[in-house]
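One gets our numbering by counting positions in the sequence shown from 1 and adding 15 to each. This report concerns only the one structure given below.
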Amino acid sequence: MDASKKVFLVVALSEYKQLLDKYSLHLKKNSEEDERRRRILISTILRSRQQVILKTGTAWEEMQNMDERTFSRHFRVSKPQFEYLAMKLQVSGLEKEHCQGLAPVPVTKKVLMFLWYMSNQSSFKEMSETFEVSQSTAHRVISEVLNTVCTLGPTFVSWPDACEKAASAAAFHRLCGLRDVIGAIDGCHIRVQRPPVRGGDYMNCKSYYSVLLQGIVDDRGRFLDIFAGPPGRVDDTTMLRASSFYDGWQEKMGEYRLLGDGAYTGHGFPFVVSPRSESENLTEADELRNCRIGRGMAVAEEAFGRLKCKWRRLRDLRNTRIDAVVMTVMAACFLHNMCNGTLEICQEHPQGCPRQGDENEEIICLTV
16 MDASKKVFLV VALSEYKQLL DKYSLHLKKN SEEDERRRRI LISTILRSRQ
66 QVILKTGTAW EEMQNMDERT FSRHFRVSKP QFEYLAMKLQ VSGLEKEHCQ
116 GLAPVPVTKK VLMFLWYMSN QSSFKEMSET FEVSQSTAHR VISEVLNTVC
166 TLGPTFVSWP DACEKAASAA AFHRLCGLRD VIGAIDGCHI RVQRPPVRGG
216 DYMNCKSYYS VLLQGIVDDR GRFLDIFAGP PGRVDDTTML RASSFYDGWQ
266 EKMGEYRLLG DGAYTGHGFP FVVSPRSESE NLTEADELRN CRIGRGMAVA
316 EEAFGRLKCK WRRLRDLRNT RIDAVVMTVM AACFLHNMCN GTLEICQEHP
366 QGCPRQGDEN EEIICLTV
């Protein structure tokens with residue numbers, strides 16, 4: 016075989032191999048797409064089978080016998096977490112309720128009612144129908160459980176010890192490249208009805224009535240410190256100075272720092288690392304630093320997003336009693352920490368729960 020034929024044969028074999036490779040790649044892509052569609056179909060079928068609707072009149076004993084997926088979808092906690100919460104509340108004084116002429120309300124039923132209340136925005140009328148109790152009993156049960164839950168604050172929200180601080184600082188350094196950071200501080204609005212006393216103070220810069228929640232979260236999105244109740248018109252820096260955390264920040268922080276957004280810039284908080292204003296002439300180092308702060312602050316953004324996505328009562332508290340509002344907000348934060356690390360993939364938002372447009376932005380509010 017002469018040289019020209021050999022060259023032709025080599026070229027032909029090379030082109031044939033390329034065609035085979037392209038065909039194999041085409042088959043592989045089709046196979047992967049078919050497999051993806053098959054998984055989606057199976058997931059949809061399984062999900063539709065498990066979407067059990069909690070009908071009015073369902074005996075509360077039957078609620079406890081739901082499968083794990085259905086139970087957690089309705090009550091936002093796993094069964095072991097429910098049992099743990101019921102045990103903690105019972106130890107803390109929550110008792111079976113005895114009303115003259117009425118069937119007693121067991122502790123487990125009270126806890127189910129409380130979790131249902133926190134997980135939904137349904138009215139007390141709907142709750143009374145679901146759990147077959149009077150509206151007055153539903154009100155009384157929720158108030159009693161809220162008061163008991165709020166006595167458990169240190170059980171669910173506590174400041175880290177030295178070892179926990181070091182671990183969190185290492186985690187934040189891996190996350191955003193900044194050293195000696197143990198948490199991120201942020202605030203959000205909780206929508207409420209206009210309070211009867213000094214109601215104008217609660218009108219925020221987004222033009223609705225609210226109270227504020229300040230939270231400090233660690234690298235896992237757990238609340239380390241919470242402060243709830245300031246009127247919606249208050250800015251983040253004023254809220255921070257009014258919090259109990261601010262009174263003892265030197266002892267709590269030591270050599271460590273917190274990440275904060277632009278609201279804290281230039282307000283004299285030596286323990287808060289905040290971005291430099293974009294109105295300044297930023298150097299490349301400034302822009303990199305701002306970017307790193309943003310990456311770290313994403314932990315707080317995600318935590319506040321999950322808080323309201325999971326505990327929907329916080330989306331709109333139809334209440335004018337600020338003390339009841341504060342207890343509800345605190346209870347949601349306690350539940351958030353209790354559930355942190357489990358059931359974290361939201362069925363509604365598998366890519367992460369978005370904020371509800373509730374950030375306490377740095378906007379100048381006019382005094383009225």
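Cβ atoms here follow ideal geometry from the backbone N, Cα and C, with glycine treated the same way. Remember, predicted model here, so these are calculated numbers, not experimental data.
Report back the beta-carbon spacing between residue i and residue j to the nearest angstrom; my notes put them in contact at under 8 Å.
i	j	result
N280	S294	Rather than Asn, the amino acid found at residue 280 in this sequence is Thr. Not quite, the Cβ-Cβ distance comes to about 11 Å (not below 8 Å), so this is no contact.
L228	G202	6 Å
V196	L100	Rounded, the Cβ-Cβ distance is 32 Å, inconsistent with contact.
R384	S134	No answer is possible for residue 384: it lies beyond the span of the chain, which begins at 16 and ends at 383.
W174	L255	Actually they are not in contact, since the Cβ atoms of W174 and L255 sit about 16 Å apart, beyond 8 Å.
F90	W131	6 Å
Taking the beta carbon of residue i as the centre, do at least 16 other beta carbons fall within 10 Å, making it buried, or is it exposed?
i	result
G247	buried
V106	exposed
P119	exposed
D250	buried
L104	buried
S138	exposed
G275	buried
A80	The sequence given here places Asn at residue 80; Ala does not occur at that position. That one is exposed.
G269	exposed
P285	exposed
Quick check on DSSP: helix, strand or coil for residue i?
i	result
Q229	strand
H154	helix
A118	coil
G277	helix
Y224	strand
V212	coil
F284	coil
C203	strand
D240	strand
C165	helix
R272	strand
M128	helix
Are the beta-carbon atoms belonging to residue i and residue j less than 7 Å from one another?
i	j	result
G311	A186	no
Y271	K124	no
H204	D373	yes
C306	V92	no
T163	L109	yes
F171	N375	no
H282	T253	no
S225	F242	no
L332	V340	yes
M342	L161	yes
K140	V122	no
Q208	T335	yes
Less than 6 Å separating the Cβ of residue i from some heavy atom of the ligand SAH?
i	result
S149	The model on display carries no ligand, and the ligand SAH is accordingly not part of it.
Kindly indicate if chain C contains any beta-carbon less than 7 Å away from that of residue i.
i	result
R321	Among the protein chains of the structure shown there is no chain C, as only one such chain exists.
message = Under 8 Å, with one C-beta from each stretch per pair, do the stretch 212 to 219 and the stretch 149 to 165 reach the 3-pair mark?
response = no
inquiry  = With three or more C-beta pairs closer than 8 Å as the rule, is the stretch 291 to 309 touching the stretch 331 to 349?
reply    = no
ask   = Are there three or more Cβ pairs, one per stretch, closer than 8 Å when the stretch 308 to 322 is compared with the stretch 231 to 239?
value = yes
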